[in-house]
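A short worksheet on the structure shown next.
There are 2 protein chains.
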Amino acid sequence: MTATPTPAKGLATRELILEHAYERARVGGLEGLSIGTLATDVGMSKSGVFAHFGSREDLQLAVLDAAARRFMAHVLVPALSAPRGLPRLRAIVAQWCEWGRMHTSGCVLLTAAGEYDGREGPLHDAVVAQQAGWRGELEKGIAQAVAAGHLRADTDAPQLAFEIYALMLGLHHDAGLFGFEQAIGRVHAAFERLWRSWQP
Amino acid sequence: MTATPTPAKGLATRELILEHAYERARVGGLEGLSIGTLATDVGMSKSGVFAHFGSREDLQLAVLDAAARRFMAHVLVPALSAPRGLPRLRAIVAQWCEWGRMHTSGCVLLTAAGEYDGREGPLHDAVVAQQAGWRGELEKGIAQAVAAGHLRADTDAPQLAFEIYALMLGLHHDAGLFGFEQAIGRVHAAFERLWRSWQP
DNA sequence: CGTAAAATAGCACGATCGTTCGTTCTATTG
DNA sequence: CAATAGAACGAACGATCGTGCTATTTTACG
Chain L
1 MTATPTPAKG LATRELILEH AYERARVGGL EGLSIGTLAT DVGMSKSGVF
51 AHFGSREDLQ LAVLDAAARR FMAHVLVPAL SAPRGLPRLR AIVAQWCEWG
101 RMHTSGCVLL TAAGEYDGRE GPLHDAVVAQ QAGWRGELEK GIAQAVAAGH
151 LRADTDAPQL AFEIYALMLG LHHDAGLFGF EQAIGRVHAA FERLWRSWQP
Chain C
201 MTATPTPAKG LATRELILEH AYERARVGGL EGLSIGTLAT DVGMSKSGVF
251 AHFGSREDLQ LAVLDAAARR FMAHVLVPAL SAPRGLPRLR AIVAQWCEWG
301 RMHTSGCVLL TAAGEYDGRE GPLHDAVVAQ QAGWRGELEK GIAQAVAAGH
351 LRADTDAPQL AFEIYALMLG LHHDAGLFGF EQAIGRVHAA FERLWRSWQP
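Protein chains in written order, with my numbering: chain L, 1 to 200; chain C, 201 to 400.
Written out as structure tokens, the structure reads:
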């Protein structure tokens, strides 16, 4: 069926490692990743794991990238099948909430934002680029909703995108500490108020 | 003047260690704290530092507690001199924003929430207790504003407290990644809308 | 001043860290 | 079959980790 275009067979191993690393990073963050424990997870030697990435930092970058791809595939891609404008925006939020439910025990992207927002280096740059890109997607969706007349013409897209993001941060925060069910109720209520306050 | 009731002189050393540890934890989190580097910071031996806390975990708990005390002293205490109700609530938010400006490079309390929300143990419990306590203070302030007629009588205090907290999470997130000045503008705009939507 | 207690230093331990190196195994290719 | 490239292993490295122990120094008190 799906023939591997590149003959690389050991590339599947790399993917397997990233899968385990992703789960580890959800709990302990990218900074908590260690090649030794990771090697035990996948049943390989430390040097075997190490060879796939060349350095711990490159492993962390690969995990961050994998997390971003997962997020986009789970949140943005399904929402694109909803009609442009507010419906798609609502679909994005709905998928995002579902993502939050699946990641109550920790999200790699948000954890990474907290880990590297005060430092320098490739990981910081990657986090900023990832976050800026996602914010841009949000703003694009908002602009489409404005163009479709679903939101007020004078809607401040970056402002609304910020408030949406803030609510999702609140969801993740409260879900992790106080439980998802309570948090998602608050988020839904807040979003209804938010949409209403920007409706034309 | 202020005579030390307990004769402990070396207790000042403990405070000095906590001061350095607090600064370290702002960047690297409580999980990034190491007794070795901390000892170098304060110019002591590892064992000398270690003896003040008995274990790394107790050190982390002490830093977390110190951070909470600092937060309360900087945000809640000054706001208590403002009149009850909405003015005090606004004062809390204002002081909180100022706290956020001072901690653009990382806040121990928020970092800790992200580090331990998916784990078990004393640190998790301490974080939950700290966050629940602060949320309770917010709700108390909201209830007073409702009682004073500054907010609608049917105001859902936990809901409003959640939304306030979410905006502050947004401030910290955006300030760390995209700069404080841009973020604080968005937060101010969002808060004005928020107060208005709950006014009687 | 002398003495008990607290504070700090020094040293060592087992463990783990990221990384390097040389070797072995496997599979593809000519 | 022989040659070659890639993948994984195993051992070792220097460093650092948290944590015990035992001296030694410093402080507080009678």
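Positions of the beta carbon are idealized from the N, C-alpha and C atoms, including for glycine.
Nothing here was measured: the structure is a model prediction, and the numbers come from that model.
Pair within 8 Å by beta-carbon distance, residue i and residue j
{"i": "residue 11(L)", "j": "residue 21(L)", "result": "no"}
{"i": "residue 364(C)", "j": "residue 275(C)", "result": "no"}
{"i": "residue 348(C)", "j": "residue 256(C)", "result": "no"}
{"i": "residue 126(L)", "j": "residue 169(L)", "result": "no"}
{"i": "residue 121(L)", "j": "residue 171(L)", "result": "no"}
{"i": "residue 318(C)", "j": "residue 176(L)", "result": "yes"}
{"i": "residue 131(L)", "j": "residue 113(L)", "result": "yes"}
{"i": "residue 157(L)", "j": "residue 143(L)", "result": "yes"}
{"i": "residue 374(C)", "j": "residue 162(L)", "result": "yes"}
{"i": "residue 91(L)", "j": "residue 79(L)", "result": "yes"}
{"i": "residue 49(L)", "j": "residue 18(L)", "result": "no"}
Three-way DSSP call (helix, strand, coil) for residue i in this model
{"i": "residue 122(L)", "result": "helix"}
{"i": "residue 284(C)", "result": "coil"}
{"i": "residue 400(C)", "result": "coil"}
{"i": "residue 210(C)", "result": "coil"}
{"i": "residue 233(C)", "result": "coil"}
{"i": "residue 43(L)", "result": "coil"}
{"i": "residue 179(L)", "result": "coil"}
{"i": "residue 201(C)", "result": "Because the pLDDT at residue 201(C) is just 34, under 50, the model does not fix this residue reliably, and the point stays unresolved."}
{"i": "residue 303(C)", "result": "coil"}
Sequence-distant residues of its chain with Cβ nearer than 6 Å to residue i (five each side left out)
{"i": "residue 3(L)", "result": "With a pLDDT of only 32 at residue 3(L), under the threshold of 50, the placement of this residue in the model should not be trusted, and no figure is reported."}
{"i": "residue 324(C)", "result": "316"}
{"i": "residue 89(L)", "result": "141 and 145"}
{"i": "residue 231(C)", "result": "315"}
{"i": "residue 206(C)", "result": "With a pLDDT of only 44 at residue 206(C), under the threshold of 50, the placement of this residue in the model should not be trusted; the figure read from the coordinates follows. Closer than 6 Å at the Cβ level, and outside the excluded window around residue 206(C), lies no residue."}
{"i": "residue 259(C)", "result": "253"}
{"i": "residue 380(C)", "result": "301 and 304"}
{"i": "residue 214(C)", "result": "252"}
Where the alpha helix (DSSP H) containing residue i begins and where it ends
{"i": "residue 247(C)", "result": "246-251"}
{"i": "residue 113(L)", "result": "108-116"}
{"i": "residue 351(C)", "result": "Run containing residue 351(C): none; DSSP gives neither H nor E here."}
{"i": "residue 156(L)", "result": "Premise fails: residue 156(L) is in no alpha helix (DSSP H) and is neither H nor E."}
{"i": "residue 263(C)", "result": "256-271"}
8 Å CB neighbourhood of residue i in its chain, flanking five on each side removed
{"i": "residue 398(C)", "result": "351, 352, 355 and 360"}
{"i": "residue 226(C)", "result": "303, 305, 306, 307, 308 and 311"}
{"i": "residue 367(C)", "result": "387, 390, 391 and 394"}
{"i": "residue 237(C)", "result": "224"}
Cut-off 7 Å between Cβ atoms - residues of its own chain near residue i, not counting five sequence neighbours on either side
{"i": "residue 337(C)", "result": "276"}
{"i": "residue 139(L)", "result": "157, 158 and 161"}
- Message: Please list, in chain order, the residues of the stretch 357-388 of chain C that have any C-beta partner in chain L closer than 7 Å.
- Response: 359, 362, 363, 365, 366, 367, 369, 370, 373, 374, 376, 377 and 386
- Task: Return the residues of the stretch 305-330 of chain C that lie within a Cβ-Cβ distance of less than 8 Å from chain L, sorted by chain order.
- Result: 305, 306, 310, 311, 313, 314, 315, 317, 318, 319, 327 and 328
- Query: Between the stretch 23-34 of chain L and chain C, which residues of the former have CB atoms less than 9 Å from a CB of the latter, in chain order?
  - Reply: 26, 27, 28, 29, 31 and 32
- Query: Of the residues that make up the stretch 57-76 of chain L, which ones have a beta carbon closer than 8 Å to any beta carbon in chain C?
  - Reply: none
- Message: By the 7 Å beta-carbon criterion, what residues does the stretch 282-302 of chain C contribute toward chain L?
- Response: none
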